[in-house]
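Take a look at the structure set out below.
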Amino acid sequence: MASTLGLLRRLAAENVDFVLVGGMAAVVHGSASVTEDVDVCIRFDEPTLRSVFRALEGLNARERMNAARPTLGSDPLRFVGYRNLYLTTDHGVIDFLGELTGLGSFDRVSAHAVTLQVGDFSVRVVGLEDLIISKRTLGRPKDHRVARELELVLAQSRNSKT
Amino acid sequence: MSRVKLAPSEVDEDIDLDLLEYLLTLTPEQRIERHDAALELVKALRKAGTEHHGFDPRAVASAGGGER
């Protein structure tokens, strides 16, 4: 069974330096959409990948885009410099992205991320304005729809501050 | 959190504003829990549809607009 909270809790517990992006970030910001994967933006460097491996330990993580579905193995360093890593796990699908469409690298995404309390842990989530930019840039009909939802949320947020 | 009222425009016909307003009353944790429950329902309904038809109807639907 998919457990977004389970995945995020593990990443947070291992101090993975990540920003929640994509459809699940839209859900957190208030979108009514349903998505089948958790997208997180990370740096594909050694410390981050080591913490990712610790977080996924015991979850039967496998490479999703490879038909043989190989396990992650035990060497996080072989993924240093990757752009993306697409995985299935016992808690659901999770995609690690080195950059976000319309925005750029992890550092750019991270610069305007917001920290939200999710139950007993906190998660950094791509900022609402940035997420709208990314969804508009992706340009698929479903992305435009989510972007429109988020624009309504943004307008409401601005109104409530004035 | 109190109920909010979104200001729609004419382009929002396909957006469920009532649902969106309800979601804004939830905490981030509640939104994720609600999402995961909805996803499980979607998966169960897809499975039921596939078993009923004997194939995955989504494959047919997505192929409909393709090139020959």
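The listed protein sequences derive, respectively, from chains A and B.
In short: position in the first sequence from 1, add 3, done, that's the numbering used here.
In short: position in the second sequence from 1, add 8, done, that's the numbering used here.
All C-beta atoms in this analysis are idealised placements derived from N, C-alpha and C, irrespective of residue type, glycine included.
| said: Below 7 Å on C-beta distance, what does B/Arg54 contact in chain A? | reply: Counting from one through the second sequence, the residue named residue 54 of chain B turns up at place 46. In chain order: nothing, as chain A lies at least about 11 Å away.
| task | Please check if any C-beta of chain B sits within less than 9 Å of the C-beta of A/Arg151. | result | Start at 1 with the first residue of the first sequence, and residue 151 of chain A comes out as number 148. Chain B contact via Cβ: present.
| query | Can you find a CB in chain B that lies within less than 9 Å of the CB of A/Ala15? | reply | Your numbering for residue 15 of chain A matches position 12 in the first sequence. Output row for A/Ala15: interface = no.
| message | Given this structure, state the Cα-to-Cα distance separating B/Arg42 from B/Leu34, to the nearest angstrom. | response | For the purposes of this step, residue 42 of chain B is taken as residue 34 along the second sequence, with counting starting at 1. For the purposes of this step, residue 34 of chain B is taken as residue 26 along the second sequence, with counting starting at 1. Taking the straight line from one Cα to the other gives about 10 Å.
| field | C-beta contact flag for A/Glu171 and A/Arg72 at 9 Å | value | With chain A running from 4 to 165 in the structure shown, residue 171 of chain A is simply not present.
| Selected residue, minimal CA-CA separation from B/Ile23, among A/Asp123, A/Asp20, A/Pro50, A/Ala150 | Counting from one through the second sequence, the residue named residue 23 of chain B turns up at place 15. That would be A/Ala150, whose Cα lies nearest to the Cα of B/Ile23.
| query | CB A/Val24 to CB A/Ser137, shorter than 9 Å? | reply | The residue given as residue 24 of chain A occupies position 21 in the first sequence. The residue given as residue 137 of chain A occupies position 134 in the first sequence. Yes, they are a contact pair.
| query | Got a sec, what are the start and stop residues for the alpha helix (DSSP H) A/Gly9 sits in? | reply | Taking the first sequence and counting its residues from 1, one reaches residue 9 of chain A at position 6. 7-16 is the extent of the alpha helix (DSSP H) around A/Gly9.
| Cβ of B/Asp64 less than 9 Å from any chain A Cβ? | Numbered from 1 along the second sequence, position 56 holds the residue referred to as residue 64 of chain B. Chain A contact via Cβ: absent.
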